[in-house]
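**Student:**
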Amino acid sequence: MKLSKYYSFTLREDPNEAYLNSHKLMLRAGMIRQATSGIYTWLPLGLKVLNKIKDLIRNIHIKNEIYEILMPTIQPSDIWKKSGRFNDYGKEMLKIFDRNDNTLLYGPTNEEMITDLVSNDLKSYKDLPKLLFHTQWKFRDEIRPRFGVMRCREFLMKDAYSFDLDYENSYFSYCKMFILYMKIFNLLGLNVIPVKADSGPIGGALSHEFILETSNGETLFFYDKTILDKDCYNINLNDKELVIKATEDLLSVYSSSSETHDEALFKSKTSPQNQICSKGIEVGHIFYFGTKYSEAFDANYITSNGEKKLIHSGSYGIGVSRLVAAVIEANNDDKGIIWPKQVSPYDLGLINVRFDNSKSKDFSEEFYKKFTNKYEVIYDDREVRAGKKFNDMDLIGVPLQVIVGEKNLLNSNIEVKHRNTGKLQLISLDKIESYLEKYCEC
RNA sequence: CGGUGCGUAGCGCAGCCUGGUAGCGCACUAGUCUGGGGGACUAGGGGUCGUAGGUUCAAAUCCUGCCGCACCGACCA
38 MKLSKYYSFT LREDPNEAYL NSHKLMLRAG MIRQATSGIY TWLPLGLKVL NKIKDLIRNI
98 HIKNEIYEIL MPTIQPSDIW KKSGRFNDYG KEMLKIFDRN DNTLLYGPTN EEMITDLVSN
158 DLKSYKDLPK LLFHTQWKFR DEIRPRFGVM RCREFLMKDA YSFDLDYENS YFSYCKMFIL
218 YMKIFNLLGL NVIPVKADSG PIGGALSHEF ILETSNGETL FFYDKTILDK DCYNINLNDK
278 ELVIKATEDL LSVYSSSSET HDEALFKSKT SPQNQICSKG IEVGHIFYFG TKYSEAFDAN
338 YITSNGEKKL IHSGSYGIGV SRLVAAVIEA NNDDKGIIWP KQVSPYDLGL INVRFDNSKS
398 KDFSEEFYKK FTNKYEVIYD DREVRAGKKF NDMDLIGVPL QVIVGEKNLL NSNIEVKHRN
458 TGKLQLISLD KIESYLEKYC EC
């Protein structure tokens, strides 16, 4: 991608309405623009990251035999009346009226819709278990949207749903999703802590939140710091025994959101030097709700004995658009964003520091042509001063910058800069290709 | 919804108290110099002062309503 053709407008100063670093940086780097309170337009750079995170989450679901569907954003109200949540959900639900004066709503979540769907298709015990997910825009009319994309009204969420024979099987699905979530956050380079949670209006008995610890977070939570030592990232998710064991091992260590926190239990279970009270951002939330929704939608199956039984279900959400902000919140400095490689909008930032110099310019063009099919390259070919290019590239935050200038070319060198350490390194021209290969592998 | 504050150029702000020609910095356009970390000089362009009404000879400025935005609290991925 050539910056001269891109839709990229960076801001030098922090916009007045932004308070969180992630919000300021997303606006400054030209990732998003606010349309109205809690509703945003995603510009090319922001959308690139959003899609990267979405795809990473999506692919690991599919790899684990959780299949993708796409439910609509607009839902009929009758299914919500069936489950009783039409009124329970309250003012956060945005209601819409069509030309025939039917009440529709912009979906805040999809339990009703998917249970209704599944109740028609799943008939036999042979059809279970089933796991489905989709990544779709949601709308919750928050009392007070804030922090940019972190707590907005329209947001992108990945929500998965499990359908099982009984509690025991459903518990396995829950544990499987639990470990899958640990893997996902690990892949995103985030240190996320699972905590016991209140199930809120979604309802249900078993519930956990996944919290990214940050000083600016909204959620207060408590945990035993030994939970950070648990490694469950390489477990085969089809191995029922291991998955349940790993989950229970994690849950044996105290961790809780403030709503469910039990101070006495915390104190008795955790040694004093390991007791942490911290703030964070909720990036995922999982629920087991038994037969709550299958009852309402008459979602049942026939057992091998010919008996009719209710399906047990659970739901598993990740705030995808929120994660964009969360990743930035966890990875930035005074110059801008520092993307972890896996979610960076581009692999390499190519800077031609001398647009007026043909040697430097020609080399940059060649370099771009050569590597743009192999890596995702953001090439700053604009006719602006070097200082602006350096600052913009730092702000945008791609992990590796390749800096081309006449001085170094005359010595057959090219410069690279690692965004996270700020380290500058001269690489000889004949080594750059292998350098990049090695860099991108790890 | 309660408490607080703010709406003036794309962004950041001054002007309002004490009514009288619409201002500054950045960005933008043109030119000259410059050319490896937001460079300098010169000349420009860009405004329904959130909106509707009121007071006044005269309103960005005073008064009232409305709208929008943000911060603090109760809700949530």
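Per our numbering, the very first residue in the first sequence carries number 38; after that it's consecutive.
Heads up, the beta-carbon is just placed ideally off N, CA and C, and yes, glycines get one too.
Taking only the alpha-carbon atoms, compute the straight-line gap between F209 and V280 and give it to the nearest angstrom.
**Tutor:** 8 Å
**Student:** Which same chain residues, not among the five before or five after N253, have their C-beta less than 7 Å away from its C-beta?
**Tutor:** L57 and E366
**Student:** Quick one: Cα of Q379 to Cα of L249, how far?
**Tutor:** 17 Å
**Student:** For F258, which option in A283, E278, F170 and P231 has the closest C-alpha, if you only look at C-alpha atoms?
**Tutor:** P231
**Student:** Thinking M214 and C269 are a contact (beta carbons under 8 Å), I'd like their distance in whole angstroms, please.
**Tutor:** Going by Cβ atoms, the distance from M214 to C269 rounds to 13 Å, so no, they are not a contact pair.
**Student:** Quick one, which of H455, E478 and I451 has its alpha-carbon nearest K468's?
**Tutor:** I451
**Student:** Anyone know if the C-beta pair for L165 and D201 falls short of 7 Å?
**Tutor:** yes
**Student:** Thinking just about the alpha-carbon of each residue, which of N124, L437 and L93 is nearest to the one in L387?
**Tutor:** Each of N124, L437 and L93 was checked against the Cα of L387, and the nearest Cα belongs to L437.
**Student:** By how many angstroms is the C-alpha of K39 removed from the C-alpha of N428?
**Tutor:** N428 and K39 have their C-alpha atoms spaced approximately 17 Å apart.
**Student:** For R65, which beta-bridge partners are listed by DSSP?
**Tutor:** According to DSSP, R65 bridges with nothing at all.
**Student:** Buried or exposed: I415, going by 16 or more other Cβ atoms within 10 Å of its Cβ?
**Tutor:** Buried, by the Cβ-count rule.
**Student:** Between D153 and I106, which are expected to be in contact by the criterion C-beta below 8 Å, what is the C-beta distance as a whole number of angstroms?
**Tutor:** Incorrect: roughly 13 Å between the Cβ atoms, too far for contact.
**Student:** Tell me whether S289 sits in a helix, a strand or coil according to DSSP, three-state version.
**Tutor:** In the displayed model, S289 falls within coil according to three-state DSSP, outside both helix and strand.
**Student:** Mapping DSSP to helix, strand and coil, what is N428?
**Tutor:** helix
**Student:** Taking the alpha-carbon positions, what's the I216 to N368 distance?
**Tutor:** 24 Å
**Student:** Looking at S114: is its Cβ nearer than 7 Å to the Cβ of T140?
**Tutor:** yes
**Student:** Check whether the Cβ atoms of R6 and G424 lie closer than 7 Å to each other.
**Tutor:** This structure leaves residue 6 out entirely; the chain is present only between 38 and 479.
**Student:** As a quick exercise: from V320, G321, Y325 and H298, pick the residue whose alpha carbon is nearest that of C17.
**Tutor:** Residue 17 cannot be examined here, being either before or after the span of the chain that is shown, 38 to 479.
**Student:** In whole angstroms, what is the alpha-carbon distance linking N445 and E474?
**Tutor:** 21 Å
**Student:** State the Cα-Cα distance for the pair K175 and D92, rounded to the nearest angstrom.
**Tutor:** When rounded, the distance between both Cα atoms is 18 Å.
**Student:** Which residue or residues does DSSP assign as beta-bridge partners of V414?
**Tutor:** L385
**Student:** Among V357, S120 and N311, which has the Cα closest to the Cα of M187?
**Tutor:** V357
**Student:** In this structure, does DSSP put L224 in helix, strand or coil?
**Tutor:** helix
**Student:** Determine the closest residue to E285 out of F408, K316, Y211 and D235, with distance taken between C-alpha atoms.
**Tutor:** Y211
**Student:** Does DSSP put K167 in a helix, in a strand, or in coil?
**Tutor:** strand
**Student:** Tell me whether V421 is buried or exposed, calling it buried when 16 or more other Cβ atoms sit within 10 Å of its Cβ.
**Tutor:** Looking at its Cβ environment, which holds fewer than 16 other Cβ atoms inside 10 Å, V421 is exposed.
**Student:** Since S395 is in the alpha helix (DSSP H), which residue starts that stretch and which ends it?
**Tutor:** Note, S395: alpha helix (DSSP H), S395 to F408.
**Student:** Taking just the CA atoms, how far does D158 sit from P63?
**Tutor:** One point to set straight first is that residue 63 is Met, not Pro, in the sequence displayed. Going by the C-alpha atoms only, they are around 43 Å apart.
**Student:** What are the uninterrupted segments assigned as alpha helix (DSSP H) that are 4 or more residues long and contained completely in the stretch 41-109, given in chain order?
**Tutor:** 58-65 and 81-100
**Student:** When burial is assigned at 16 or more other CB atoms within 10 Å of the CB, is T256 buried or exposed?
**Tutor:** buried
**Student:** Express the C-alpha separation of T263 and F400 in angstroms, rounding to a whole number.
**Tutor:** C-alpha separation (whole angstroms): 51 Å.
**Student:** Is M194 helix, strand or coil by DSSP?
**Tutor:** strand
**Student:** Per DSSP, which residues does C314 bridge with? Please list them.
**Tutor:** Note: C314 sits in a beta bridge opposite F259.
**Student:** Does the stretch 271-279 touch the stretch 301-309, meaning 3 or more C-beta pairs lie closer than 8 Å?
**Tutor:** no
**Student:** For D203, which of helix, strand or coil comes out of DSSP?
**Tutor:** coil
**Student:** Using the C-alpha atoms, what's the distance from N137 back to V364?
**Tutor:** In a straight line, the C-alpha of V364 is about 44 Å away from that of N137.
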